[in-house]
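Participant:
Protein chains: 2
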Amino acid sequence: MKEPKSLFLPENSLGIVTDFYQLTMAAGYFEHGMHDIATFEFYIRHLPENRSYIITAGLEQVLHYLTHVRFSPEALRFIRQQPSFRRVSDDFFEYLKNFTFSGDVFAIPEGTIIFAEEPIIRVTAPVIEAQIIETYILSTINFQSSIATKASRVVYASRGHEVIDFGTRRAHGPQAGVLAARACFIGGCKSTSNVFAAYELGIPTVGTIAHSWVMVFENEVESFRKYHEIFPDATVLLIDTYDTLVGAKHAAAIGEQLKGVRIDSGNLVELSKEVKKILTSQRMNHVKIIASGDLNEERIDDLLRNEAPIDSFGVGTEMVTSKDAPALGGIYKLVEQEHGGRPIPKMKFSKGKLTYPYKKQVYRVIDKNNFVEDIIGLENEMRGTVPLLIQVVKEGKICYTLPSLEEIQSTALDNIAKLPEPYKRLKNAENYPVKKSAVLEAKKREAEHLLSRINIS
Amino acid sequence: MKEPKSLFLPENSLGIVTDFYQLTMAAGYFEHGMHDIATFEFYIRHLPENRSYIITAGLEQVLHYLTHVRFSPEALRFIRQQPSFRRVSDDFFEYLKNFTFSGDVFAIPEGTIIFAEEPIIRVTAPVIEAQIIETYILSTINFQSSIATKASRVVYASRGHEVIDFGTRRAHGPQAGVLAARACFIGGCKSTSNVFAAYELGIPTVGTIAHSWVMVFENEVESFRKYHEIFPDATVLLIDTYDTLVGAKHAAAIGEQLKGVRIDSGNLVELSKEVKKILTSQRMNHVKIIASGDLNEERIDDLLRNEAPIDSFGVGTEMVTSKDAPALGGIYKLVEQEHGGRPIPKMKFSKGKLTYPYKKQVYRVIDKNNFVEDIIGLENEMRGTVPLLIQVVKEGKICYTLPSLEEIQSTALDNIAKLPEPYKRLKNAENYPVKKSAVLEAKKREAEHLLSRINIS
Numbered sequence: 003m004k005e006p007k008s009l010f011l012p013e014n015s016l017g018i019v020t021d022f023y024q025l026t027m028a029a030g031y032f033e034h035g036m037h038d039i040a041t042f043e044f045y046i047r048h049l050p051e052n053r054s055y056i057i058t059a060g061l062e063q064v065l066h067y068l069t070h071v072r073f074s075p076e077a078l079r080f081i082r083q084q085p086s087f088r089r090v091s092d093d094f095f096e097y098l099k100n101f102t103f104s105g106d107v108f109a110i111p112e113g114t115i116i117f118a119e120e121p122i123i124r125v126t127a128p129v130i131e132a133q134i135i136e137t138y139i140l141s142t143i144n145f146q147s148s149i150a151t152k153a154s155r156v157v158y159a160s161r162g163h164e165v166i167d168f169g170t171r172r173a174h175g176p177q178a179g180v181l182a183a184r185a186c187f188i189g190g191c192k193s194t195s196n197v198f199a200a201y202e203l204g205i206p207t208v209g210t211i212a213h214s215w216v217m218v219f220e221n222e223v224e225s226f227r228k229y230h231e232i233f234p235d236a237t238v239l240l241i242d243t244y245d246t247l248v249g250a251k252h253a254a255a256i257g258e259q260l261k262g263v264r265i266d267s268g269n270l271v272e273l274s275k276e277v278k279k280i281l282t283s284q285r286m287n288h289v290k291i292i293a294s295g296d297l298n299e300e301r302i303d304d305l306l307r308n309e310a311p312i313d314s315f316g317v318g319t320e321m322v323t324s325k326d327a328p329a330l331g332g333i334y335k336l337v338e339q340e341h342g343g344r345p346i347p348k349m350k351f352s353k354g355k356l357t358y359p360y361k362k363q364v365y366r367v368i369d370k371n372n373f374v375e376d377i378i379g380l381e382n383e384m385r386g387t388v389p390l391l392i393q394v395v396k397e398g399k400i401c402y403t404l405p406s407l408e409e410i411q412s413t414a415l416d417n418i419a420k421l422p423e424p425y426k427r428l429k430n431a432e433n434y435p436v437k438k439s440a441v442l443e444a445k446k447r448e449a450e451h452l453l454s455r456i457n458i459s
Numbered sequence: 003m004k005e006p007k008s009l010f011l012p013e014n015s016l017g018i019v020t021d022f023y024q025l026t027m028a029a030g031y032f033e034h035g036m037h038d039i040a041t042f043e044f045y046i047r048h049l050p051e052n053r054s055y056i057i058t059a060g061l062e063q064v065l066h067y068l069t070h071v072r073f074s075p076e077a078l079r080f081i082r083q084q085p086s087f088r089r090v091s092d093d094f095f096e097y098l099k100n101f102t103f104s105g106d107v108f109a110i111p112e113g114t115i116i117f118a119e120e121p122i123i124r125v126t127a128p129v130i131e132a133q134i135i136e137t138y139i140l141s142t143i144n145f146q147s148s149i150a151t152k153a154s155r156v157v158y159a160s161r162g163h164e165v166i167d168f169g170t171r172r173a174h175g176p177q178a179g180v181l182a183a184r185a186c187f188i189g190g191c192k193s194t195s196n197v198f199a200a201y202e203l204g205i206p207t208v209g210t211i212a213h214s215w216v217m218v219f220e221n222e223v224e225s226f227r228k229y230h231e232i233f234p235d236a237t238v239l240l241i242d243t244y245d246t247l248v249g250a251k252h253a254a255a256i257g258e259q260l261k262g263v264r265i266d267s268g269n270l271v272e273l274s275k276e277v278k279k280i281l282t283s284q285r286m287n288h289v290k291i292i293a294s295g296d297l298n299e300e301r302i303d304d305l306l307r308n309e310a311p312i313d314s315f316g317v318g319t320e321m322v323t324s325k326d327a328p329a330l331g332g333i334y335k336l337v338e339q340e341h342g343g344r345p346i347p348k349m350k351f352s353k354g355k356l357t358y359p360y361k362k363q364v365y366r367v368i369d370k371n372n373f374v375e376d377i378i379g380l381e382n383e384m385r386g387t388v389p390l391l392i393q394v395v396k397e398g399k400i401c402y403t404l405p406s407l408e409e410i411q412s413t414a415l416d417n418i419a420k421l422p423e424p425y426k427r428l429k430n431a432e433n434y435p436v437k438k439s440a441v442l443e444a445k446k447r448e449a450e451h452l453l454s455r456i457n458i459s
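For the record, the sequence lines run as chains A and B.
Position in the first sequence (first residue = 1) + 2 = the numbering used here.
Position in the second sequence (first residue = 1) + 2 = the numbering used here.
#1: Using Cβ-Cβ distances below 9 Å, what residues of the segment 196-210 of chain B are close to chain A?
#2: Which same chain residues end up closer than 6 Å to Lys361/B when comparing Cβ atoms and leaving out the 5 residues on each side of it in sequence?
#3: For Arg171/B, is the classification buried or exposed, using 16 other Cβ atoms within 10 angstroms of its Cβ as the cut-off for buried?
#4: Take Ile57/B as the anchor and find which of Arg89/B, Ser148/B and Lys350/B has the nearest alpha-carbon.
#5: With distance defined between alpha-carbon atoms, name the residue in Tyr425/B, Leu428/B and Ser412/B nearest to Gly190/B.
#6: Measure the C-alpha to C-alpha separation of Leu16/A and Phe10/A and round it to an integer number of angstroms.
#7: Cβ of Asn417/A within 8 Å of any heavy atom in the ligand GTP?
#8: Just to confirm the assignment: which complete alpha helix (DSSP H) runs, minimum length 4, are found wholly within the segment 75-125 of chain B?
#9: Using a Cβ-Cβ cut-off of less than 7 Å, list which residues of the segment 90-110 of chain A approach chain B; keep chain order.
#10: Quick one: what's got a C-beta closer than 8 Å to Val218/A's C-beta in the same chain, skipping five residues either side?
#11: So which residues on chain B does Phe145/A lean against when the C-beta distance must stay under 7 Å?
#12: Judging by CA-CA distance, which residue of Ile400/B, Ala59/B, Ile116/B and Glu220/B is the nearest neighbour of Lys4/A?
#13: Determine the burial state of Asp235/B: buried for a count of at least 16 other Cβ atoms within 10 Å of its Cβ, exposed for fewer.
#14: Should Arg53/B be labelled buried (16 or more other beta-carbon atoms within 10 Å of its own) or exposed?
#15: Just reading off the beta strand (DSSP E) that Pro345/A is part of, what are its end residues?
#16: Taking C-beta pairs closer than 9 Å, name the residues in chain A that Ala255/B reaches, listed in chain order.
#17: Within a Cβ cutoff of 6 Å, which residues of the same chain sit near Glu164/B, ignoring the five residues on either side of it in sequence?
#18: Taking the DSSP output, what are the residues bridged to His341/A?
#19: Are any of the Cβ atoms in chain D nearer than 9 Å to that of Tyr138/A?
#20: Determine, for Thr26/B, whether the minimum Cβ-Cβ distance to residues of chain A falls below 9 Å.
#21: Quick one: using the 10 Å Cβ neighbour count with 16 as the cut-off for buried, is Glu76/B buried or exposed?
#22: With a threshold of 6 Å on Cβ separation, who are the neighbours of Ala118/A within its own chain once the five nearest residues in sequence on each side are excluded?
#23: Asp235/B touches chain A at which residues, Cβ-Cβ below 9 Å?
#24: Would you mind working out which of Asp242/B, Glu258/B and Thr403/B sits nearest Asn269/B, comparing C-alpha positions?
#25: Quick one: measure Cβ to Cβ for Ala178/B and Gln177/A, integer angstroms, because I've assumed they're closer than 8 Å.
#26: Is Ile312/B closer than 9 Å to Ser274/B when the C-beta atoms are compared?
#27: Starting from the Cα of Lys353/A, find the closest Cα among Thr319/B, Asp245/B and Ile378/B and give me that residue.
#28: Asn457/B lies in the alpha helix (DSSP H); which residues open and close that run?
#29: Short of 7 Å in beta carbon distance, which residues of its chain neighbour Leu306/A, apart from the five on each side in sequence? Order them along the chain.
#30: Taking Cβ-Cβ distances shorter than 7 Å, what residues in chain B pair up with His66/A?
#31: Secondary structure at Gln363/B, three-state DSSP: helix, strand or coil?
#32: Can you check DSSP and say which residues form a bridge with Gln393/A?
#33: Using a Cβ-Cβ distance cut-off of 9 Å, determine whether Tyr184/A contacts chain B.
#34: Let me know the alpha helix (DSSP H) ranges lying completely inside the segment 145-214 of chain B, each 4 residues or longer, listed in chain order.
#35: If the cut-off is 7 Å on Cβ atoms, which residues from the segment 264-285 of chain B count as contacting chain A, listed in chain order?
#36: Report the CB separation of Tyr23/B from Thr210/A in whole angstroms; it is logged as a contact under 8 Å.
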């Protein structure tokens, strides 16, 4: 009988977690002796609707990948059997057998605010290596950045009230739940319900009870009392299983040790106010009210504008899927190639998808703790501004002290603080100014002219 | 120096890939000697907007999980250190040390069309076990079903033209890309770009070339010729790097061995027609035109209505994130509990979130190869209709012959064929009739009355 497959990622053969064309192209380059050093840049062409900035996240998992990417013998046998590979030599498979990543990588650290068209990762490596790694890098950075950004919007809307990630069950599979928990913390969440994320990353974990707890026991009062007995210092009770206001009274009966109540349905403005009254009438003002149930930045903003006395927000589905903008269109494009010892510019002109050539850097102009504008220029072009891309990998080895997750979160919160309000408001935000340097524009025109002449005739 | 973390799932401790409250509740049940057999049902309360049916997917990964879920000693040490667990006894951790799933599971096989409120998985197990496994099951089924459904819409819109999954780079992390490839195949895609999915699942894999291939060589003509040299039987060329129509001519120069051309930008209706003319003028009508670039079911429908001569669609972002409906709100609710040898009904009344009690079955009425209506009733209530839930796990062991992925795809295609057109059209589909049996309604009223009396007073 067939055994069920886990579909967990193959730790000994991460090289095959890629698109098939990366491998056919790799074989093609190899067979043609094409081992030029190429530079690819990862950037987001357009920000999604409702996003005025992006918070970078996922670099740590990219660095894990780059230092662990290999091909297992079984995987190589499989590739070799593919009909397209019929004419590919043994030497190529021998090459893949010993494949490791040996290039240099520059990246904008995690937790940094970035904008459209800004390179956030720049890879310089033999073209085969740079090509194979594309897919994994894209999916890792696209996803975590998308979630860190959404989380930062939710946290911003919450005006200092705690936001908790409750989303694992609605994430795109079990691993996405863990990555989302990490990204939500970077975006400013205080804690997560995901136990593995807590275990692996040290994110504080919290949990209350589910409706099932209340339903398993004979009645609600009994279920509350029994929970309190085992968790006297952490008694947070879900009060909407049968009737929220009756539930609030049943919870209040626990007495002053009660830590919090959670409301997961109904009109949260009205219910939180009524529940607060019940708690206040019993001198239990210290009891926290936690709200959950399809919350997002707009609904939270609305709750707070309507003065709902809510202390914490448990946010799930909307945050871990970035529901209103569930994909970040990050791309990875060839911009330069060393050939015969000199840099050759590379660019494409596809309609609406033009790319800028050469190795670039992002320069941020900051005035008294405010981000003023960014300039995308050539590498080493400018002085006196802050270059955002820094070297993280040198000849295949990490040359960068990985920040802790708390440090990354601080970077993100600090970046948000420095981004002026018009650029970060939840709706109708203004476009933050990102310019291209005159030198880059001139170099691009020159390359476009040259490449047009060669290719379009 | 800190090593970068992979955040791959912990194969030896899948028990902690769960929400924290599952573990506090488990401890609470344990400490109170609550070992009743409980039945939980997984269902989707409302279908997302733009969805008139759901194709179930992910059961195989759930079965892998249920037969492998454990807690490692390190993970148990971590849980024990959590402040909330201060009063929890050693016995509970001893219990978790030996934890395995020992219950029964009924499920609707993968590839089946289902609707809102229909239980798709029913777990009957000691309440602690049934509780701990909730989170992983939800994220697995929610995600894969959401993608299989989106893929089936894309395939339906494509009217027999091949659909290829190109989405890995935009999926929610590297594992989501693999799970999405599986779900897209179930939904009717013919192939995937994901090499690991091809290796592990036997899905046909395809790939063409990227813009980088074209850019790496001296010019487009040279790059096309060089690709053809190594892949003479599989030459599919991307022609929009510089100018699509010039690119088409360059590709045609390969001669009759050329298999296909891919267009990834611009006005696909106009360009595909122009490209077709160029190919026809050179007697290369056999060359396939593949379109890609932010495609979804609506755009494909539009292309075909406008008679774009496109043979295959490469679909990425929109399909693997189910972009217009990126989350499926599947829930897992306690419906029944055995206590003192008899079944006790369980339900909640939370506003807008009422649940129906007792073990249920879904009965499908089929007339001459057409689905007519579904009835949600009690287990074993009806004869003469097809019950959709079948037993897949008995006392913790799989008692079900896992179908191959091809068989699951056939089931899905067959189900789509049997669903009358009004219920599956892309826009403004009618609601398929799903009723609850009179017996179930009567039982629900009875339970509601009883539970209200106990809990709301």
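Beta carbons: idealized from backbone N, C-alpha and C, even for Gly.
Facilitator: From the atom records:
#1: Only those residues of the segment 196-210 of chain B whose C-beta falls short of 9 Å from the nearest C-beta of chain A are listed: Asn196, Val197, Phe198, Ala199, Ala200, Tyr201, Glu202, Leu203, Thr207, Val208, Gly209 and Thr210.
#2: Here residue 361/B refers to the residue found at position 359 when the second sequence is read from its first residue. Contacts found: Thr41, Glu338 and Glu381.
#3: Along the second sequence, read from residue 1 onward, the residue named residue 171/B stands at position 169. A residue is called buried when at least 16 other Cβ atoms come within 10 angstroms of its Cβ; Arg171/B meets this threshold and is buried.
#4: The residue you call residue 57/B lines up with position 55 of the second sequence. Nearest of Arg89/B, Ser148/B and Lys350/B to Ile57/B, Cα basis: Ser148/B.
#5: Walking along the second sequence from the start, residue 190/B turns up at place 188. Residue Ser412/B holds the alpha-carbon nearest to the alpha-carbon of Gly190/B among Tyr425/B, Leu428/B and Ser412/B.
#6: Position 14 of the first sequence, counting from 1, holds the residue named residue 16/A. Position 8 of the first sequence, counting from 1, holds the residue named residue 10/A. Going by C-alpha positions, Leu16/A is about 11 Å away from Phe10/A.
#7: In the structure on display, the ligand GTP does not appear, and there are no ligands present to speak of.
#8: With a minimum length of 4 residues, the continuous alpha helix (DSSP H) runs that stay inside the segment 75-125 of chain B are 75-83 and 92-99.
#9: Residues of the segment 90-110 of chain A with a Cβ closer than 7 Å to any Cβ of chain B, in chain order: Val90.
#10: On the first sequence, position 216 is the one that residue 218/A refers to. Cβ neighbours of Val218/A beyond the five flanking positions: Ser225.
#11: Within the first sequence, the letter at position 143 stands for residue 145/A. Chain B residues near Phe145/A: His174 and Gly175.
#12: As a position in the first sequence, residue 4/A is number 2, starting the count at 1. Ranking Ile400/B, Ala59/B, Ile116/B and Glu220/B by Cα distance to Lys4/A puts Ile400/B first.
#13: Residue mapping note: residue 235/B aligns to position 233 of the second sequence, counting from 1. It counts as exposed.
#14: Position 51 of the second sequence, counting from 1, holds the residue named residue 53/B. Around the C-beta of Arg53/B, 16 or more other C-beta atoms lie within 10 Å, and the residue is accordingly described as buried.
#15: Along the first sequence, read from residue 1 onward, the residue named residue 345/A stands at position 343. Counting along the chain, the beta strand (DSSP E) containing Pro345/A begins and ends at Arg344 to Pro347.
#16: As a first step, residue 255/B is located in the second sequence; it is residue number 253 there, counting from the start. Here the premise fails: no neighbours, minimum Cβ distance about 13 Å.
#17: Position 162 of the second sequence, counting from 1, holds the residue named residue 164/B. Only Lys192 and Ser314 meet the Cβ criterion.
#18: Locating residue 341/A in the first sequence gives position 339, where the first residue counts as 1. His341/A is bridged to Arg344/A.
#19: Given the protein chain composition of this structure (A and B), no chain D is represented.
#20: On the second sequence, residue 26/B is found 24 positions in, with the first residue counted as 1. Chain A contact via Cβ: present.
#21: In the second sequence, the residue the question calls residue 76/B occupies position 74. Exposed, since its Cβ has fewer than 16 Cβ neighbours within 10 Å.
#22: The count along the first sequence starts at 1 and reaches residue 118/A at position 116. Within the same chain, Ala118/A has close Cβ partners Ile46, His48 and Leu49.
#23: For the purposes of this step, residue 235/B is taken as residue 233 along the second sequence, with counting starting at 1. Here the neighbours are Pro85, Ser86, Arg88 and Arg89.
#24: Along the second sequence, one-based indexing puts residue 269/B at 267. Among Asp242/B, Glu258/B and Thr403/B, the Cα nearest to that of Asn269/B is on Asp242/B.
#25: Within the second sequence, the letter at position 176 stands for residue 178/B. Within the first sequence, the letter at position 175 stands for residue 177/A. Under the criterion of beta carbons closer than 8 Å, Ala178/B and Gln177/A qualify as touching, at roughly 7 Å.
#26: For the purposes of this step, residue 274/B is identified with residue 272 of the second sequence, where counting begins at 1. For the purposes of this step, residue 312/B is identified with residue 310 of the second sequence, where counting begins at 1. Yes, these two residues count as a Cβ contact at 9 Å.
#27: Stepping through the first sequence from its first residue, residue 353/A is reached at position 351. It is Asp245/B whose Cα lies nearest to the Cα of Lys353/A.
#28: Taking the first residue of the second sequence as 1, we reach residue 457/B at position 455. Asn457/B -> alpha helix (DSSP H) spans Ala440 to Asn457.
#29: Along the first sequence, read from residue 1 onward, the residue named residue 306/A stands at position 304. Excluding residues within five positions, the ones whose Cβ falls inside 7 Å are Arg161.
#30: On the first sequence, position 64 is the one that residue 66/A refers to. In chain order: Pro6, Lys7 and Ser8.
#31: The residue given as residue 363/B occupies position 361 in the second sequence. Per DSSP, reduced to three states, the secondary structure at Gln363/B is strand.
#32: As a working note, residue 393/A is residue 391 in the first sequence. The partner list for Gln393/A (beta bridge, DSSP) reads Phe108/A.
#33: If you number the first sequence from 1, residue 184/A lands on position 182. In the sequence on display, residue 184/A carries Arg and not Tyr. In terms of beta-carbon proximity, Arg184/A lines the interface with chain B, with at least one pair separated by less than 9 Å.
#34: Runs of the alpha helix (DSSP H) lying entirely within the segment 145-214 of chain B, each at least 4 residues long, are 176-188 and 197-203 in chain order.
#35: Per Cβ criterion, the list reads Asp266, Ser267 and Gly268.
#36: Within the second sequence, residue 23/B is the residue found at index 21, counting from 1. Within the first sequence, residue 210/A is the residue found at index 208, counting from 1. Right, the Cβ-Cβ distance comes to about 6 Å (below 8 Å), so this counts as a contact.
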